[in-house]
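Comments concern the structure below.
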Amino acid sequence: MRRTVHGGLEIVPLPRVTYGDVEYGLIHSRFNTDHLPEHLLDQANEILEYLNQKEPSGLNAYANKQKAYNRLLMLYDQVSKSENKTGPHTVKLCTRLRNGFTTYGVQLSIDYCDRNSKDMKSSSVIILEPYEPQMRQQSYESFYKGRVTFIDERSQTVHFTPFTRTMPEGNYMVRFWPSQFVYNSRDHIMNELLENQRPYRFLIFPPPLDENITKEQYLEIRDLAIAKCQFSSKYYNQEQREAIVAIFSAMQLRIQSKNGNLLPFILHGPPGTGKTTTLVEACRLLEEEDDHAKILVCTPSNTAADLFAYELIHVAGVKPTSVFRLNALTHPTSELKEALKDIVFMKPNNEMVNQFGIPPVKELMQYRIVVCTLLCSTYLSLGGMKEQFSHIIVDEAGQASELDTLVPIVGLLGRKGAKVVLAGDPRQLGPVEMIEYFKKNGISSSLIERYETNPNYKNDPRIITLLRANYRSHPSIIEVPSRLFYNNELHVPADAQRRDALATWKALPKQGFPVFWHHVNTPEEKELDGHSYANKGEMTVVHDYIRRVCTELRVKPSDIGVVAPYNYQVRRLRRLLGDEHKEVTVDTVERYQGSQRRVIIISTVRNNEKDALGFMMSDKRFNTVITRAEELLIIVGNARVMMKDPSWKEMIDYCRKNEATVDMPSEAFLFSAGAETNGQAEASVNDEEQEEEEEEELGKNGTMDTESKLREKASSSEEEEEDEENSSVVGETTTEEEEESSEDESSDEEQESEED
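Numbering-wise (my numbering), the sequence shown opens with residue 940 and increments by one.
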């Protein structure tokens, strides 16, 4: 039975992911079967056998591994958020609509919003429990659920519409419930993979190339095509032109496997090399010169999707009537950029609140380019648009897990085939994984990384192009990343915009060298009720540099970025800067990925008796954070502690060699007692990461003290999800009676949430 979502698109129901005692047991025991009841051992060992296969032998094993991973991740997410309550907070009625719907508002604490902003934005459902005993006795409900309609970040106020249409004002304990749509989408794709293996086998296990077009023949054809191609700018470099033509001519050249499958094209774009610009130009050419081309562009985040859509229209000049920016139905309309208002679908819903919608297939087919997040593409596959796209492009593919990347590809590829393009940098920070067991097994690695390590894809210009010209940063900033991660091939071209405007700053230890390390030896502080860290001494130094950069260099605060590895440091820095420098962006490494600023100041935070670095010991994290800077890079932190990591040691040595340090201790101190070897430090990190640094870590303070508690939380979650989407999944003509009858079809009602 099809259902109509807001906007008119008819979709088939998305089956709900389920889990049982064995999943509860594995999460509760931290994947240690010694602590499991005997009757669960066989099932648990079967799941662990799938999970422990780093290279599954076939599609059945691969899909079952991903399905098990997805189920366990969902359970972990639900249990952790069920414990994350805040309050009491006062809930007040905001508006009462003629159709009986009401909207309420609840103001949360600044600290809670800072800690949980990502969870709040990715959750479409708010759960409220009456706080006062008298209120609990008078209320017909033990808790109320509502759909989040708007989050005012300035006032920390969450606006929502209760599913019961009305509720008493008063004080409530508040928590947010994770979207199950994410997990349902992933599971749906793996089921498709199990049922129809043949069209997708080549995606997971790339076969050798068909030599119907040899490398030599391809290069000759490609170079001729480049010479004839009408590029929109003369400034595209040779590698960018090669990639543009490879994508534009893909359906004619048909680089395929020996089985006849059209092989994916990989665009490896290190930081600042114009990867997205290259993809946008390829889309422009396809839209203008190939009448049969229909392009789907997917990204891991809404921010990246908005950027791509913006460049299509306002940089490449693609007509707005050709582009549709597909948003999740629960994505806050308050985040809509003015520049994109002409390419979205938005109209009032039942509650008379503007909401993103999705038009019917007939209308969607009129667009030449659709841009959305990876998971939002599920709407298209459920709506019957399989095999409608000639090109499926995934930008920032290095930031997404294999599972998420496969959602649009498997969901929409079909038997006809399409040209798949994966663009990203597997040497930068990939998808975030919160469960230590999965980190060790590499389950959440990216699909582009799988291809880059496949011998069939090594250095073959027919299916991979590496962009080498960095247009973002001063040469001194990218020298160490280029040497460590890109075989010294990353360079600044002669025609790039000069980035030396700040290189004459008098505060630089070495003139003309806009990189330096300021050594700080103050101890880290652990958050009292969490597992995050801050460093007060580093905050003072960072604040001082911000003032000096603004006054002495006349740099706008909005052009300054501060990056720290821990949320506790981020929150305290934001408060320290206050209104004086509120336009300075302070955030974690993960949230800075894909962004850049003229000035980047890094606070490394860590300084403890054990010299523990935790997740700062990561090549990808190092590469990501260093390459955010355009003109000036300042690193503030304890050099002796950071020397334990090989990548950070390279940067420290680089600064010392160039006499670009402040308060740097002697070499004898840097290698003094207490310093472990790299191997020793690395060996101690894995255990520490789970216990000290993951801010959503379970198992602390009795969060998972008993299996019965787990079962209680999860079972209550199933009840909470029964009607969480009734007010938004169906079309605007849905009646109250239809909503009530749909409670027995709750699996149909989950479709409208997407992780932003």
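Built from N, CA and C at the ideal position, the CB exists for glycine as well.
*Go to W1587, then tell me how far its beta strand (DSSP E) extends in each direction, as first and last residue.*
From DSSP, W1587 is part of no beta strand (DSSP E) but of the alpha helix (DSSP H) over P1585 to K1596.
*Report the three-state DSSP secondary structure of H1430 (helix, strand or coil).*
The answer is strand: DSSP assigns H1430 an E or B state.
*Under 8 Å by Cβ, that's how I've got D1053 and R1510 pegged, so tell me the actual separation to the nearest angstrom.*
Confirmed, about 5 Å.
*Please classify T1674: is it buried, with 16 or more other beta-carbons within 10 angstroms of its beta-carbon, or exposed?*
Confidence is the limiting factor: at T1674 the pLDDT is only 29, short of 50, which leaves the residue's position unreliable and the question unanswerable from this model.
*asked:* For P954 and R1125, what's the separation of their Cα atoms in angstroms?
replied: If you draw a straight line from the Cα of P954 to the Cα of R1125, it comes to about 11 Å.
_As assigned by DSSP and simplified to three states, the class of M1059_ = Helix at M1059.
*Hey, would you say Y1531 sits closer than 8 Å to V1575, going by beta carbons?*
Going by C-beta atoms, Y1531 is not nearer than 8 Å to V1575.
*Select from T1217, P1210, F1187 and L1206 the residue whose C-alpha is nearest the C-alpha of K1173.*
Minimum Cα distance to K1173 is reached at T1217.
*Look at the alpha carbon of G959 and the alpha carbon of L1012, and state the distance between them as a whole number of angstroms.*
Answer to the nearest angstrom: the Cα atoms are 13 Å apart.
_Best match in N1426, Y1484, Y1425 and S1415 for proximity to Q1450 [C-alpha to C-alpha]_ = Nearest to Q1450 by C-alpha distance, out of N1426, Y1484, Y1425 and S1415, is S1415.
_Residue environment, R941, which counts as buried when at least 16 other CB atoms sit within 10 Å_ = Counting the other CB atoms within 10 Å of its CB gives R941 a total below 16, which places it among the exposed residues.
_Rounding to the nearest angstrom, what Cα-Cα distance links N1506 and I1539 in this structure?_
Going by the C-alpha atoms only, they are around 17 Å apart.
_Distance between S1383 and H1231 (C-alpha atoms, nearest Å)_ = Approximately 35 Å between the Cα atoms of the pair.
*Do you know how far the Cα of H967 is from the Cα of I1485?*
Rounded to whole angstroms, the gap between the alpha carbons of I1485 and H967 is 45 Å.
*When you compare each of W1587, K1084 and H945 to R1104 by their alpha carbons, which one comes out closest?*
Comparing Cα positions, the closest option is K1084.
_Length of the line joining the Cα atoms of M1285 and T1272_ = In a straight line, the C-alpha of M1285 is about 8 Å away from that of T1272.
_For the beta strand (DSSP E) containing N1241, name the first residue and the last one._
DSSP places N1241 outside any beta strand (DSSP E); the residue lies instead in the alpha helix (DSSP H), whose first and last residues are N1241 to H1253.
_Quick test of the definition: if touching needs 3 or more C-beta pairs under 8 Å, does the segment 1303–1315 touch the segment 1248–1268?_
Touching, per the Cβ criterion.
*Identify whether L1572 lies in helix, strand or coil by the three-state DSSP scheme.*
Correct three-state label for L1572: strand.
*asked:* Is it the case that the segment 1122–1136 contacts the segment 988–1002, given that we only count it when at least three CB pairs across the two stretches are under 8 Å?
replied: Contact between the segment 988–1002 and the segment 1122–1136 is present: 3 or more CB-CB pairs across the two stretches fall below 8 Å.
*asked:* Check this for me: beta carbons of C1594 and W1456, under 8 Å apart or not?
replied: With contacts defined by Cβ atoms closer than 8 Å, C1594 and W1456 form a contacting pair.
*Would you be able to state if there are at least three C-beta pairs under 8 Å between the segment 1385–1405 and the segment 1017–1026?*
As far as the Cβ criterion goes, the segment 1017–1026 does not touch the segment 1385–1405, which means the pair count is below three.
*Segment limits, beta strand (DSSP E) that includes V1262*: Segment V1262 to R1264, the beta strand (DSSP E) holding V1262.
*Tell me, please, which residues DSSP counts as bridged to E1464.*
Under the DSSP definition of a beta bridge, E1464 partners with A1473.
*Could you spell out where the beta strand (DSSP E) holding Q1294 opens and where it closes?*
Here the beta strand (DSSP E) through Q1294 covers N1293 to F1295.
*If we call anything under 8 Å between Cβ atoms a contact, is P1259 one with D1281?*
A distance below 8 Å separates the beta carbons of P1259 and D1281.
*In whole angstroms, what separates the C-alpha of E1466 from that of I1499?*
One C-alpha to the other measures close to 26 Å.
_CB contact flag (D1334, F1247, <8 Å)_ = Yes, these two residues count as a Cβ contact at 8 Å.
*Leaving out five residues before and five after L1303 in sequence, what residues of the same chain have Cβ atoms less than 8 Å from its Cβ?*
The answer, listed in chain order, is L948, F1263, I1297, V1309, L1319, G1322 and M1324.
_G1670 - DSSP class collapsed to helix/strand/coil_ = Since pLDDT at G1670 reaches only 32, below the 50 mark, its modelled position is unreliable, and the value read off the structure follows with that caveat. Per DSSP, reduced to three states, the secondary structure at G1670 is coil, with no helix or strand assignment.
*Examine the Cβ distances between the segment 1219–1228 and the segment 1346–1359 and report whether three or more of them are shorter than 8 Å.*
At 8 Å Cβ cutoff, the stretches do not touch.
*Would you report the Cα separation of P1448 and H1207, rounded to the nearest angstrom?*
Looking at the two C-alpha atoms, the distance is approximately 35 Å.
*Would you kindly check if the distance between the Cβ of T1212 and the Cβ of L1406 is under 8 Å?*
Taking C-beta atoms as the reference points, L1406 and T1212 count as a pair closer than 8 Å.
*Quick check: the segment 1188–1199 against the segment 1145–1154, are there 3 or more CB pairs under 8 Å?*
Output reads yes: the segment 1145–1154 touches the segment 1188–1199.
*Run the CB neighbour count on F1608, radius 10 Å, all protein chains shown included, and call it buried at 16 or more, exposed below.*
F1608 is exposed by the Cβ-count criterion.
_Measuring straight from C-alpha to C-alpha, what distance separates F1561 and L1515?_
Approximately 25 Å, taken between the alpha carbons.
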